[in-house]
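So the structure is just underneath, and the comments pick up after that.
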Amino acid sequence: MIPNIKKELLIAAGQESCFKVFTQKMDLWWPKTHHVGKCAMIEMVLEQEQGGRWYSKHEDGSEVNVGTVLSWNPYDLLVLNWQINDNFQYDPGVTTEVEVQFIAEGPKTTRVLMEHKDLHRLGEGGKAVESMDEGWGMILNLYKNTVEYEA
2 MIPNIKKELL IAAGQESCFK VFTQKMDLWW PKTHHVGKCA MIEMVLEQEQ
52 GGRWYSKHED GSEVNVGTVL SWNPYDLLVL NWQINDNFQY DPGVTTEVEV
102 QFIAEGPKTT RVLMEHKDLH RLGEGGKAVE SMDEGWGMIL NLYKNTVEYE
152 A
């Protein structure tokens, strides 16, 4: 069994700010190097509703899906369907979940819990999961820095 990837951040910003930067400003903090398109990424997009698309836009005009929004509960919870397989390609047959909780610890302090679940559905990609664990750590640190700068 492949364990879930779990990350926890304590962010010096309010709960609403943390949620909004994660959902509305993903392009500010998501690294342009982390995408599954065929050419350079120019924007990461998360549509602001349950059932919305999560995708990247690229220099050649293409859009490449990452997944969809499964649960949209401002400012507490976001659940995303991650449809990237263990070869780091979009695969509509793959469904793993990225759950992000935003827990207010005070007016200007929020605990953000991220859990990437159901990684066994990626197949035998042990190295991919190890890489994803490191990747999520780096990406979420960029997110934390962006929130605290924006707040």
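If you're matching positions, the sequence shown starts at 2 in our numbering and goes up one per residue.
Positions of the beta carbon are idealized from the N, C-alpha and C atoms, including for glycine.
Go to E17, then tell me how far its alpha helix (DSSP H) extends in each direction, as first and last residue.
In the DSSP annotation of this structure, the continuous segment of the alpha helix (DSSP H) that includes E17 starts and ends at Q16 to Q25.
As assigned by DSSP and simplified to three states, the class of K8:
Three-state DSSP puts K8 in a strand.
Span of the beta strand (DSSP E), counted from its first residue to its last, around T69
Taken as a continuous stretch (DSSP letters only), the beta strand (DSSP E) holding T69 covers E64 to N74.
In this structure, does DSSP put E48 in helix, strand or coil?
It is coil, neither helix nor strand.
So, at 8 Å on beta carbons, what are the nonlocal neighbours of L78 in its own chain, with the 5 sequence-adjacent residues on each side left out?
Take L78, set aside five residues on each side of it, and the residues of its chain with a beta-carbon closer than 8 Å to its own are S72, E100, V101, Q102 and F103, in chain order.
What first and last residue would you give for the beta strand (DSSP E) that runs through N82?
Taken as a continuous stretch (DSSP letters only), the beta strand (DSSP E) holding N82 covers L78 to W83.
How is V101 classed by DSSP in three states: helix, strand or coil?
In the structure shown, V101 falls within a strand segment according to DSSP collapsed to helix, strand and coil.
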